[in-house]
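Below: one structure, written as structure tokens.
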Amino acid sequence: MVKINRKWAVVTCLMALLIWGNSLVPGSGSGSLSLTVMEAIRGFLHGVGLPYEWVTNFVVRKCAHFTEYLVLGILATHAFDFEGRCTFDVLLPTAVFLLLIPSIDETIQLFVPGRAGMITDVMIDCCGAATGVVLRYLLRSLMCAKKAA
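Just so we're aligned, residue 161 is where the sequence shown starts under the working numbering, counting upward by one.
Okay, here's the thing in structure tokens:
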């Protein structure tokens with residue numbers, strides 16, 4: 161039986177709601193925000209003398225997907241596995257949760273003007289979430305090893 165840390169569960173649910181809230185923004189508003197972020201990144205890279213042409217609206221949008229789900233993966237792992245056991249009975253509900261949230265997210269976008277739900281985005285989201293889970297376990301292992309030394 162999985163014990164859920166309620167405080168981390170609340171934070172995790174708030175992050176999921178934030179993600180879903182972003183999906184409710186119509187395409188024009190979402191596109192405008194992405195373009196603003198893209199221009200800021202390009203300006204920074206140009207300012208420090210690095211190539212910036214590769215930063216496109218597409219890259220920014222996909223990186224945003226990956227990053228927000230990386231954070232969700234870390235938070236969900238704290239909620240479902242705050243004791244750091246990394247067992248099947250902990251990883252299964254975490255994985256199910258981290259598959260349902262992006263699936264719902266992309267379904268929401270099907271009903272928002274100017275947006276489209278895409279299976280490729282679900283895959284990017286799941287990769288971000290999995291990276292967050294792995295990072296959380298790696299950091300926990302490093303911290304435990306440091307304490308033991």
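Think of the CB as a built atom: it goes at the ideal place given N, C-alpha and C, for glycine as much as any other residue.
Limits of the unbroken alpha helix (DSSP H) element including residue i
i	result
residue 199	187-207
residue 285	279-308
residue 179	166-183
Residue of the options minimising C-alpha distance to residue i
i	options	result
residue 166	212, 240, 252	240
residue 191	204, 216, 209, 170	216
residue 293	203, 259, 193	259
residue 271	185, 295, 298	185
residue 283	223, 246, 249, 248	223
residue 269	183, 246, 306	183
residue 254	304, 200, 296	296
residue 329	252, 211, 262, 208	Given a span of 161 to 309 for the chain in the structure shown, any question on residue 329 remains unanswerable.
Residue j beta carbon less than 8 angstroms from that of residue i
i	j	result
residue 238	residue 168	yes
residue 288	residue 235	no
residue 188	residue 220	no
residue 290	residue 232	no
residue 206	residue 285	no
residue 102	residue 274	Since the first residue shown for the chain is 161 and the last is 309, residue 102 is missing from the structure and cannot be characterised.
Beta-carbon contacts of residue i that lie in its chain and below 6 angstroms, excluding the five residues immediately before and after
i	result
residue 257	236
Cβ-based neighbour list, residue i, same chain, cut-off 7 angstroms, excluding 5 preceding and 5 following
i	result
residue 204	none
Checklist entry - Can you list, in chain order, the stretches of the alpha helix (DSSP H) that have 4 or more residues and sit fully within the segment 224-249? => result none
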